[in-house]
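Position one of the sequence shown corresponds to residue 3 (our numbering), numbered consecutively onward.
For each residue, glycine too, the CB sits at the ideal point set by N, CA and C.
Data first, discussion second: the structure below is written as C-alpha cells.
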Amino acid sequence: MLAVVLTLIVLVNLFFVVTLVKDLHHHRHQLWEEPGNRAQMAGSQAIIYFFSTFGISDFAIGSALYPKVKWVVDRKLPGTLNTACVIPVAVMALSYISSIETDLFTLGLAVLAQVVGAFFGAPVVAKLPARIIKWGIIAGLLVAGGLILMHKTGLSPSGGDATGLTGGKLLAFGVLSLIYGALNNIGIGSFALTMATVYSMGMDPRVAFPIMMAACTFSVPIGSVQFIRHDAYARKLTLFSAVFGSLGVLVAVFFVKSLNVSALQWVVLGVIAYTAVSMLLDLLSEKKKPQEEFSSVAVAAVETSEKKDHA
Numbered sequence: 003m004l005a006v007v008l009t010l011i012v013l014v015n016l017f018f019v020v021t022l023v024k025d026l027h028h029h030r031h032q033l034w035e036e037p038g039n040r041a042q043m044a045g046s047q048a049i050i051y052f053f054s055t056f057g058i059s060d061f062a063i064g065s066a067l068y069p070k071v072k073w074v075v076d077r078k079l080p081g082t083l084n085t086a087c088v089i090p091v092a093v094m095a096l097s098y099i100s101s102i103e104t105d106l107f108t109l110g111l112a113v114l115a116q117v118v119g120a121f122f123g124a125p126v127v128a129k130l131p132a133r134i135i136k137w138g139i140i141a142g143l144l145v146a147g148g149l150i151l152m153h154k155t156g157l158s159p160s161g162g163d164a165t166g167l168t169g170g171k172l173l174a175f176g177v178l179s180l181i182y183g184a185l186n187n188i189g190i191g192s193f194a195l196t197m198a199t200v201y202s203m204g205m206d207p208r209v210a211f212p213i214m215m216a217a218c219t220f221s222v223p224i225g226s227v228q229f230i231r232h233d234a235y236a237r238k239l240t241l242f243s244a245v246f247g248s249l250g251v252l253v254a255v256f257f258v259k260s261l262n263v264s265a266l267q268w269v270v271l272g273v274i275a276y277t278a279v280s281m282l283l284d285l286l287s288e289k290k291k292p293q294e295e296f297s298s299v300a301v302a303a304v305e306t307s308e309k310k311d312h313a
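Dropping the structure here:
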C-alpha cells in the first residue's frame with residue numbers, strides 16, 4: 003500500500019515536471035530575462051520552503067514578498083504561487099510518508115477527502131461570508147492552541163501517540179479534511195488546521211506532516227499544469243523554487259524527524275499561533291479599509307459642498 007501511494011505521488015508530479023520542462027525549454031531565452039537576482043531568488047526559496055516544511059504557509063510569504071521585490075506581476079502571482087510549490091511539496095510528501103509511521107487508511111482518507119473537497123466544495127464555501135469563515139477558523143485554532151498549551155504546562159493530560167484513527171474519530175477527521183480541501187481553494191491553507199486536528203484527536207504530532215503534504219501534492223500539480231499552459235506563471239522563480247526550495251525542504255525534514263514529540267508540540271503551537279494572528283490581522287485590515295474609503299468619500303463630499311458655498 004505504501005509503495006502504491008509513493009508511486010502515485012511520483013506519477014502525478016512527473017506529469018507536472020514534463021509539462022514544466024517542455025515550457026522552460028520552449029521559452030529558454032525569455033526565462034533568464036525575467037526579473038530577479040539569482041542569488042537572492044535562490045536564498046529566498048530555500049528559506050521559504052524550509053519554513054513551509056514546518057507548516058508555515060509559503061503562499062502567505064510569497065504573496066507578500068514577490069510583488070514587493072517585483073519578481074512577479076500581479077496577473078501571474080496566483081499561478082506562480084502554485085507552480086513554485088509543486089516540486090518542494092512533492093519532496094516533503096515523499097520524505098515524510100516514507101520516514102514517519104502513519105496509518106495508511108487514515109492517510110488515504112484524508113488525502114481523498116481534501117481532493118474531493120477542493121474539487122466540489124469550493125463553490126459552496128465561496129458563497130459563505132469570508133469574514134465569518136475566518137472568525138470561525140481563528141476560534142478553532144485558538145481552542146486547539148489552548149489545549150496544547152494546557153498539555154505543555156501540565157494543566158491537562160498530554161496528547162496521544164496514535165498513528166491513525168478508527169470509528170467516529172476517523173469519520174470526523176474525514177469530514178474535517180473535506181472542509182479543509184474546500185477552504186484551500188479560497189486561499190485558506192490547511193496546514194495549521196490539519197496540525198490542530200491531528201493533535202486534538204490524540205495522534206502523534208508527526209503524523210500531521212505526511213497527511214498535510216500528501217493532500218497538497220495530489221491536488222496542486224494538476225491545477226499548476228493549467229497555469230503553465232496559459233502562460234500565467236513566472237518561469238524563473240518556479241525553476242529556482244524547484245531546485246533551491248527542494249534543498250531547503252530536505253534540510254528541514256531532517257530537523258523535523260530528529261525532533262522529539264515535546265519539541266514538535268511547540269512547533270505545532272507556534273504554527274497555530276502564527277496562522278491565527280496572521281488571519282486576525284488580515285480581518286482587522288479588511289475592516290479598516292472600508293472605513294478609510296468612507297472617510298475619503300466624506301472628505302471629498304465636504305470639499306465639494308464648500309466649493310459650492312463659495313461659488
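Check your understanding: Ordered along the chain, which non-local residues of its own chain (more than five positions away) have a Cβ less than 6 Å from that of THR108?
Key -> The residue labelled residue 108 in the question sits at position 106 within the sequence shown. Closer than 6 Å at the Cβ level, and outside the excluded window around THR108, lie GLY166, LEU167.
Practice item. List the DSSP bridge partners of MET197. Key: Taking the first residue of the sequence shown as 1, we reach residue 197 at position 195. According to DSSP, which records beta bridges pairwise, MET197 is partnered with nothing at all.
Review point. Cα-Cα, which of GLN228, SER59, GLN42, VAL279 is closest to LYS78?
Key: Looking up residue 78 in the sequence shown gives position 76. Among GLN228, SER59, GLN42, VAL279, the Cα nearest to that of LYS78 is on GLN228.
Point to revise | Beta-ladder partner(s) of MET43, from DSSP | key: For the purposes of this step, residue 43 is taken as the residue at position 41 of the sequence shown. MET43 is not bridged to any residue.
Practice item. With DSSP as the reference, label MET152 as helix, strand or coil. Key: As a first step, residue 152 is located in the sequence shown; it is residue number 150 there, counting from the start. MET152: helix per DSSP, three-state reduction.
Check your understanding: Taking the DSSP output, what are the residues bridged to ALA164?
Key -> Locating residue 164 in the sequence shown gives position 162, where the first residue counts as 1. In the DSSP assignment, the residues bridged to ALA164 are MET205.
Review point. If we count the other Cβ atoms within 10 Å of its Cβ and call it buried at 16 or more, is LYS75 buried or exposed?
Key: Taking the first residue of the sequence shown as position 1, residue 75 is located at position 73. This sequence places Val at residue 75; Lys is not what is there. Classification for VAL75: exposed.
Practice item. Entirely within the stretch 50-117 and at least 4 residues each: give me those alpha helix (DSSP H) ranges in chain order. Key: Qualifying alpha helix (DSSP H) stretches, in chain order: 60-70, 79-101.
Practice item. Could you check the C-alpha separation between CYS87 and CYS218 for me, to the nearest Å? Key: Numbered from 1 along the sequence shown, position 85 holds the residue referred to as residue 87. Numbered from 1 along the sequence shown, position 216 holds the residue referred to as residue 218. Using only the alpha carbons, I get a separation of about 9 Å.
Review point. Based on Cα-Cα distance, which residue from TYR276, LEU4, LEU26 lies nearest to SER97?
Key: As a position in the sequence shown, residue 97 is number 95, starting the count at 1. Ranked by Cα distance from SER97, the options TYR276, LEU4, LEU26 are led by LEU4.
Exercise for review: May I have the straight-line CA-CA distance separating ASP163 from GLU35, to the nearest angstrom?
Suggested key: The count along the sequence shown starts at 1 and reaches residue 163 at position 161. The count along the sequence shown starts at 1 and reaches residue 35 at position 33. Distance between the alpha carbons of ASP163 and GLU35 is about 51 Å.
Review point. Nearest CA to the CA of THR55: which residue from GLY110, VAL245, PHE256?
Key: Locating residue 55 in the sequence shown gives position 53, counting from the first residue. Closest option to THR55, Cα to Cα, is PHE256.
Point to revise | Beta-carbon proximity of ILE150 to ILE274, cut-off 9 Å | key: What you label residue 150 is simply residue 148 of the sequence shown in a count that begins at 1. What you label residue 274 is simply residue 272 of the sequence shown in a count that begins at 1. In this structure, ILE150 places its C-beta atom within 9 Å of the C-beta atom of ILE274.
Check your understanding: Is PRO131 helix, strand or coil by DSSP?
Key -> Residue 131 sits at position 129 when you count from the first residue of the sequence shown. Looking at PRO131 - three-state DSSP - the assignment turns out to be coil, as it is neither helix nor strand.
Point to revise | Cβ shell of HIS29 (< 8 Å), same chain only, five flanking positions each side left out | key: For the purposes of this step, residue 29 is identified with residue 27 of the sequence shown, where counting begins at 1. For HIS29, where only same-chain residues beyond five positions count, the Cβ hits under 8 Å are ARG237.
Exercise for review: List the whole-angstrom C-beta distance separating GLY147 from LEU10, where the pair is believed to meet the contact cut-off of C-beta under 8 Å.
Suggested key: Taking the first residue of the sequence shown as 1, we reach residue 147 at position 145. Taking the first residue of the sequence shown as 1, we reach residue 10 at position 8. Under the criterion of beta carbons closer than 8 Å, GLY147 and LEU10 do not qualify as touching, at roughly 33 Å.
Point to revise | Selection from ALA278, PHE220, LYS136 that minimises the alpha carbon distance to PHE18 | key: Translated into the one-based positions of the sequence shown, residue 18 becomes position 16. Of the residues ALA278, PHE220, LYS136, the one whose Cα lies closest to the Cα of PHE18 is PHE220.
Check your understanding: Do you know whose CA, among LEU261, ALA254, VAL222, lies nearest ASN15's CA?
Key -> Numbered from 1 along the sequence shown, position 13 holds the residue referred to as residue 15. For ASN15, the nearest C-alpha among the options comes from VAL222.
Review point. If you drop the 5 nearest sequence neighbours on each side, which residues of the same chain put their C-beta closer than 6 Å to that of PHE246?
Key: Working through the sequence shown from its first residue, we reach residue 246 at position 244. Contacts found: ALA44, GLN47, ALA48.
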